[in-house]
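Below is one structure; the comments refer to it alone.
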Amino acid sequence: MDFPNELLHWYHQNKRDLPWRHTNDAYVIWLSEIILQQTRVEQGLPYFNRFLEKYPTVSDFAAATEDEVLNLWQGLGYYSRGRNMLITARLVQEQYGGVFPSSWEQLIKLKGIGEYTAAAIASFAGNEPRAVVDGNVYRVLARYFGIDEPINSTQGAKTFRKLANELLNRNEPALHNQAMMEFGALLCKPKNPACGICPVREGCYAFKHNAITTLPVKLNKLKIRKRFFNYLLIKDGDLILMHKRGAGDIWTNMYQLPLIETAELMEPHHVLDLPAAKSFLSENTSVKAISAVHKHVLTHQHLYVRFIELDGFKNKPTGDFFFIEVKKIKNLALPQIIFIFLTKFLN
DNA sequence: AAGACGGGGAA
DNA sequence: TTCCCAGTCTT
1 MDFPNELLHW YHQNKRDLPW RHTNDAYVIW LSEIILQQTR VEQGLPYFNR
51 FLEKYPTVSD FAAATEDEVL NLWQGLGYYS RGRNMLITAR LVQEQYGGVF
101 PSSWEQLIKL KGIGEYTAAA IASFAGNEPR AVVDGNVYRV LARYFGIDEP
151 INSTQGAKTF RKLANELLNR NEPALHNQAM MEFGALLCKP KNPACGICPV
201 REGCYAFKHN AITTLPVKLN KLKIRKRFFN YLLIKDGDLI LMHKRGAGDI
251 WTNMYQLPLI ETAELMEPHH VLDLPAAKSF LSENTSVKAI SAVHKHVLTH
301 QHLYVRFIEL DGFKNKPTGD FFFIEVKKIK NLALPQIIFI FLTKFLN
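One point on numbering: in UniProt numbering, the residue at position 230 of the first sequence is 230, and numbering is uninterrupted.
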């Protein structure tokens, strides 16, 4: 049996029972694939169930508001996925009459759908012979065939895409793709792969040459920026002052407390002396409480976050600032750091 | 071609 | 800590 067929055989015996594997509905497949981008199955699963329950069809999704979608997406990260889904759902509703496309050529044009997702939906929903190349596939192919081209270089991506399509079982593209990914996720794992029970280890370059830990090769030059966030907690009875973030930074269009960002970690007293703080303060504003510094880790940034509770405020809020009832906070899409703090603080 | 974009789980 | 997850978009 050749390599792809061995994996297919392995898949039939070892696959997980996942809800999106019981449907051919392109909309449902799309929902699962977007949620699973850069996201573990266990983390995405509850979101998939909630989204499908709230938006059973793409028409239901298209009728949602961005606030609603982001609120449902809260905690999953990479929020542009949620915003792009709404754009795509509305386009599918308008241009395709609410019928989600399942051909690669149509899918690749949609917002939030790249090469991987187009191949996934086209093969799972349309039975189109397109090989998926995700993190699992990169790893499995790099190890088995001993490919040391960086998976995140332009040339490397081309090499792996070509190989993946050569291997593709064109009679069973959906099962083939599922098998490749499942094998990478469950057996040929990044760390401590289960080579001891691997059905294809005899043909595996990395197993034979003891290169499991060096393959796949990935160029990594991640620059991490430090940022210092001072959040102001301003309450007026059972109202709390909130701010809607704009585009061009993390957490686009999500909600936070009034923020004063500083170039370095500062004492709260000095933060309040800054010009940026003036619009929130009056002569009789006093500091009520100061939180410890919370470190919040993002992929490209480390946030050092402090919450400063104030008594009294100055102006009627304008623009993107507004007071909202505390009990309605749960309807806003909040970054995790804000959500966790407020959940604790308000209870 | 490189950088930005979240959050969490595993080792 | 470090890695990386059923990647995509922007510059």
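Built from N, CA and C at the ideal position, the CB exists for glycine as well.
Because the structure is a prediction, the values reported are computed rather than measured.
| query | result |
| --- | --- |
| Cβ contact check for the stretch 311-320 and the stretch 36-55: 3 or more pairs under 8 angstroms | no |
| Reference L70; option with closest CA among D320, Y255 and N284 | Y255 |
| Three-pair Cβ contact test at 8 angstroms for the stretch 74-81 versus the stretch 239-255 | yes |
| Neighbourhood of I212 by C-beta, 8 angstroms cutoff - its chain only, sequence neighbours within 5 removed | R143, P193, C195 and A206 |
| Three-state secondary structure assigned by DSSP to N230 | strand |
| C-alpha gap between L281 and I337, whole angstroms | 24 angstroms |
| Closest by C-alpha distance to F51, when choosing among A89, K15 and D17 | A89 |
| Buried or exposed by the 16-neighbour rule on C-beta atoms within 10 Å, applied to Y27 | buried |
| Cβ-based burial, D134 [other Cβ within 10 Å; buried from 16] | buried |
| Opposing strand residues paired with H269 [DSSP bridges] | None; H269 has no bridge partner. |
| Same chain, Cβ closer than 6 angstroms to N169, neighbours up to 5 away in sequence not counted | P4 and H176 |
| Strand pairing of I260, partner residues [DSSP] | N230 |
| Same chain only: Cβ atoms within 6 angstroms of I234, ignoring 5 sequence neighbours per side | L241, L310 and F313 |
| Separation of L7 from A131, as counted between CA atoms | 14 angstroms |
| In DSSP terms, what V297 is bridged to | H302 |
| Exposed unless 16 or more other CB atoms sit within 10 angstroms - verdict on M85 | buried |
| Paired residues, beta bridge with E325 - DSSP | L239 |
| Nonlocal neighbours in the same chain, by C-beta distance under 6 angstroms from A125, ignoring five residues either side | N24, A26, I29 and S102 |
| Assigned exposure category for N347 - 16 Cβ within 10 Å defines buried | exposed |
| Buried or exposed (CB count within 10 angstroms, at least 16 for buried), G237 | exposed |
| Short Cβ contact (9 angstroms threshold) for E264 with F229 | no |
| Cβ-based burial, N331 [other Cβ within 10 Å; buried from 16] | exposed |
| Boundaries (first-last residue) of the beta strand (DSSP E) holding K223 | From DSSP, K223 is part of no beta strand (DSSP E); its letter is neither H nor E. |
| Which listed residue (I151, L334, E128 and F345) has its alpha carbon closest to that of G75 | L334 |
| DSSP three-state assignment for Y255, whether helix, strand or coil | strand |
| Secondary structure, alpha helix (DSSP H): runs of 4+ residues fully inside the UniProt domain "HhH-GPD" (35-186) | 41-54, 58-62, 66-73, 80-95, 104-107, 115-126, 135-145, 154-167 and 173-186 |
| Limits of the unbroken alpha helix (DSSP H) element including I337 | Q336 to F345 |
| DSSP bridge partner residues for residue 352 (one or two, in chain order) | In the structure displayed, the chain extends from 1 to 347; residue 352 sits before or after that span and is not available. |
| Beta-ladder partner(s) of D311, from DSSP | S286 |
| Test item: CB-CB of A62 and Q93 under 9 angstroms | yes |
| Secondary structure of S279, DSSP reduced to three states | coil |
| N-terminal and C-terminal residue of the alpha helix (DSSP H) that L7 is part of | F3 to N14 |
| Residues near T318 in its chain [Cβ-Cβ closer than 7 angstroms; skip 5 each side] | none |
| A26, DSSP secondary structure in three states | helix |
| Own chain residues within Cβ distance below 6 angstroms of I87, not counting five before or after | K111 |
| Contacting residues, own chain, Cβ-Cβ under 8 angstroms from M266 (five flanking each side not counted) | F228 and N230 |
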